[in-house]
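Asker: Below is one structure. I have some questions about it.
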Amino acid sequence: MALAALGGLALVLLRRRKKALPEPRFTPPKLPETTPPLATPPVAAVAPVLVLQLDAVRMNASLINATLSYRMLLTAGADLGPVNVRADMIAAHASRPAEEQLGASDAPVLHRLTGLAAGETAVLEGDVRLPMSAITPIRHGGAALFVPLLRIAVEAAGTAPPLRLRSAFVIGLDEGAAGGRLQPFRLDQGPRSYGQVSHRELTVPQFA
């Protein structure tokens with residue numbers, strides 16, 4: 587009996603081994619759907635708060651003064667409060683330090699505006715004078731050359747901090763020279779009026 591029972595148990599175990607084991611089913615994990623990155627919109631250029639454009643109209647040289655007639659456009663990129671425009675003119679010369687020539691903190695106020703709305707343009711016209719006695723001419727042979735330097739400082743309220751725009755322009759004769767170079771004014775030729783004048787803007791350093 588015992589042998590028969592053991593034989594029956596062995597037969598059951600053998601049959602279980604012969605049965606095919608079920609293959610494991612593998613379900614791959616569901617990957618998140620990839621979406622193309624959103625296109626980054628181009629960054630719009632920030633409009634400057636204030637833009638200054640200068641037009642040098644005429645230079646008159648008398649026995650007493652050198653007088654520059656100008657036309658100036660001020661265009662606001664944002665609403666501004668009261669605006670003051672300071673300007674003066676000096677004679678550029680290599681013997682003077684750059685800080686002295688490009689600074690204009692003590693220039694007189696030539697124009698006052700109650701304010702400017704965003705997108706508004708103010709047209710300013712006037713004259714700036716420099717006494718002949720204050721001019722140190724540049725000597726070139728027998729010629730006495732005068733290189734005017736117009737300095738402008740625009741101060742405006744309504745921004746934080748208050749706006750201060752500094753500009754400097756070399757004024758000269760526009761005679762169509764190669765490379766667009768401006769020619770200096772000759773003081774040794776006596777009083778006269780120059781209509782073909784133009785300007786070149788200079789970069790005003792932080793220390794000025």
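The sequence shown runs contiguously to residue 794 in the working numbering.
We put the CB at the ideal spot given by N, CA and C, even for glycine.
This structure is a prediction, so every number in the text was calculated from the model and none was measured.
1) Roughly how many angstroms separate the alpha carbons of Val-740 and Leu-666, rounded to a whole number?
2) Taking 8 Å as the cut-off, does the segment 640-654 touch the segment 698-706 (at least 3 CB pairs, one atom from each stretch)?
3) Determine the direct distance from the alpha carbon of Leu-654 to that of Phe-771, and round the result to whole angstroms.
4) Based on DSSP bridge pairs, tell me the residues matched to Gly-553.
5) Hey, which unbroken runs of the beta strand (DSSP E) at 3 residues or more fall wholly within the segment 728-767?
6) Could you check which residue in Gly-728, Arg-725 and Leu-751 has the C-alpha nearest to that of Val-669?
7) CB-CB under 7 Å to Gln-769, same chain, minus the five flanking residues each way: which ones, in chain order?
8) Under DSSP, the alpha helix (DSSP H) around Gln-775 begins and ends at which residues?
9) Could you check what DSSP says for Gln-687 in three-state terms: helix, strand or coil?
10) Out of curiosity, what's the CA-to-CA distance linking Thr-789 and Leu-688?
11) Among residues of its own chain, excluding the 5 on either side of Asp-674, which ones have a beta-carbon nearer than 7 Å to its beta-carbon?
12) For the beta strand (DSSP E) that His-679 lies in, which residues bound it at each end?
13) Could you please give me the residues that DSSP links to Ile-650 through a beta bridge?
14) When the Cα of Leu-716 is compared with those of Leu-710, Arg-767, Leu-749 and Pro-734, which residue comes out closest?
15) Run through the DSSP bridge pairs and tell me what Glu-787 is partnered with.
Answerer: Walking through what the data contain:
1) Position 154 of the sequence shown, counted from the start, is the residue given in the question as residue 740. Position 80 of the sequence shown, counted from the start, is the residue given in the question as residue 666. Distance between the alpha carbons of Val-740 and Leu-666 is about 12 Å.
2) no
3) Position 185 of the sequence shown, counted from the start, is the residue given in the question as residue 771. Position 68 of the sequence shown, counted from the start, is the residue given in the question as residue 654. Approximately 12 Å, taken between the alpha carbons.
4) Given that the chain is displayed from residue 587 to residue 794, the structure contains no residue 553 and the question cannot be resolved.
5) 729-732, 734-742 and 749-759
6) Start at 1 with the first residue of the sequence shown, and residue 669 comes out as number 83. Among Gly-728, Arg-725 and Leu-751, the Cα nearest to that of Val-669 is on Leu-751.
7) On the sequence shown, position 183 is the one that residue 769 refers to. Same-chain partners within the cutoff: Gly-758, Leu-759, Glu-761 and Ala-763.
8) For this step, residue 775 is matched to residue 189 along the sequence shown. No alpha helix (DSSP H) contains Gln-775, which DSSP labels as neither H nor E.
9) On the sequence shown, position 101 is the one that residue 687 refers to. Looking at Gln-687 - three-state DSSP - the assignment turns out to be helix.
10) Position 203 of the sequence shown holds residue 789. Position 102 of the sequence shown holds residue 688. Thr-789 and Leu-688: Cα-Cα distance of roughly 9 Å.
11) The count along the sequence shown starts at 1 and reaches residue 674 at position 88. Hits under 7 Å: Ala-690, Ala-693, Pro-694, Val-714 and Arg-737.
12) Within the sequence shown, residue 679 is the residue found at index 93, counting from 1. Element bounds for His-679: n/a, residue is neither H nor E.
13) Working through the sequence shown from its first residue, we reach residue 650 at position 64. Answer by DSSP bridge pairing: none, since Ile-650 is not bridged.
14) Locating residue 716 in the sequence shown gives position 130, where the first residue counts as 1. When each option's Cα is compared against that of Leu-716, the closest is Pro-734.
15) The sequence position of residue 787 within the sequence shown is 201, counting from 1. Answer by DSSP bridge pairing, in chain order: Phe-755.
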